[in-house]
Amino acid sequence: MKPRALVLTGYGLNTDYELAHGWELAGAQAERVHLSDLILQRVSLKDFQIAAVPGGFAYADDLGAGKVMAERMRAHLMGDLLRFIDDGKLIFAACNGFQVIVKLGLLPGISEYGVQEATLACNDSGRFEDRWVYMKPEANSNCIFTRGIESLYLPVRHGEGKFVPKDEGVLKQMEANGQIALRYVDEYGCPAGYPWNPNGSIESIAGISDPTGRIFGLMPHPEAYLYRYNHPRWTREELPEEGQGLQVFKNAVEYVKREL
């Protein structure tokens with residue numbers, strides 16, 4: 079039986095179709111579910127093994143990117159989400175989804191879930207950044223989504239993507255726990271500043287996990303590189319048929335099949 083992946087949609091989330099397609103390609107059964115259907119209990123989170131929050135501009139980024147949706151989820155879905163996590167299931171979030179679950183307090187989740195310990199602030203450049211970036215997984219990462227991946231090349235498109243932990247203590251604990259999943263690098267895999275780090279994220283952090291490694295959020299878009307022709311230079315370079323982003327979803331599906 080295929081793992082079931084819930085892809086949240088509604089109120090300005092707008093990469094749900096691509097994200098659902100990524101889960102389908104990886105071997106899951108994906109279902110796009112409107113936030114209101116979860117709140118009104120027309121659909122139950124417990125019927126899924128994977129929950130995914132896509133990119134977009136939820137509630138037009140009013141009050142800050144992801145803030146309004148995070149508070150709606152906190153008010154109506156927090157209990158369901160905590161049970162989902164306690165059951166050992168997976169949560170994935172990209173771009174606006176990452177902003178949502180950080181402000182909801184699911185990431186980094188050091189002290190307890192529901193307590194906000196970081197944010198995604200405005201880009202240092204002061205403008206919307208739309209470019210492809212290189213990333214390198216951390217050697218000690220606990221993240222199940224990035225296992226076996228040596229490097230990633232994915233697009234970013236955001237105005238508020240600078241990862242900022244609440245304080246130095248949060249950052250040190252994340253590093254000790256292996257919660258830093260991805261860092262921005264240059265094309266040679268070396269640490270670098272702007273434009274390789276497109277937003278000025280502290281310590282070039284591009285993606286993080288919770289202490290279990292089962293909740294993963296990042297600013298770049300794995301769902302935007304599923305096929306070789308998604309690559310910006312696909313007509314000029316010899317590339318594998320499978321885009322690099324697909325392995326992120328395959329890792330999650332394989333984990334669910336093995337562990338749940």
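Counting in this note's numbering, the sequence shown runs from 79 upward without gaps.
We treat Cβ as the ideally placed atom computed from N, Cα and C, and that holds for glycine.
Taken atom to atom, the span from the alpha-carbon of Gln-127 to that of Val-334 is near 7 Å. Distance from the CA atom of Lys-244 to the CA atom of Leu-182, rounded to whole angstroms, is 14 Å. Lys-240: member of the beta strand (DSSP E) spanning 240 to 243, first to last residue. Of the residues Glu-207, Ile-293 and Met-213, the one whose Cα lies closest to the Cα of Leu-168 is Ile-293.
Following the DSSP letters along the chain, one finds Ser-114 inside the alpha helix (DSSP H) bounded by residues 113 to 117. Counting only runs of 3+ residues, the beta strand (DSSP E) found wholly inside the stretch 105 to 186 occupies 107 to 112, 128 to 131 and 168 to 172, in chain order. In the displayed model, His-309 falls within coil according to three-state DSSP, outside both helix and strand.
Between Ser-203 and Tyr-272, the gap from beta carbon to beta carbon is short of 9 Å. With a minimum length of 4 residues, the unbroken runs of alpha helix (DSSP H) contained wholly in the stretch 212 to 279 fall at 246 to 255.
When DSSP states are grouped into helix, strand and coil, Val-193 belongs to the coil group. Collapsing the DSSP output to three states places Ser-287 in a strand. A straight line joining the alpha-carbon of Arg-235 with that of Ala-270 spans about 19 Å. Under the three-state reduction of DSSP output, Glu-316 falls in the coil class, being neither helix nor strand. Glu-207 is bridged by DSSP to His-236. By the neighbour-count criterion, in which 16 or more other beta carbons inside 10 Å mark a residue as buried, Glu-246 falls on the exposed side. With 16 or more other Cβ atoms inside 10 Å of its own Cβ, Phe-162 counts as buried. Rounded to whole angstroms, Asn-277 and Phe-241 show a C-alpha spacing of 8 Å. In this structure, the straight-line span from the alpha carbon of Gly-239 to that of Ala-129 is close to 21 Å. Counting along the chain, the unbroken beta strand (DSSP E) around Arg-82 starts and ends at 82 to 87.
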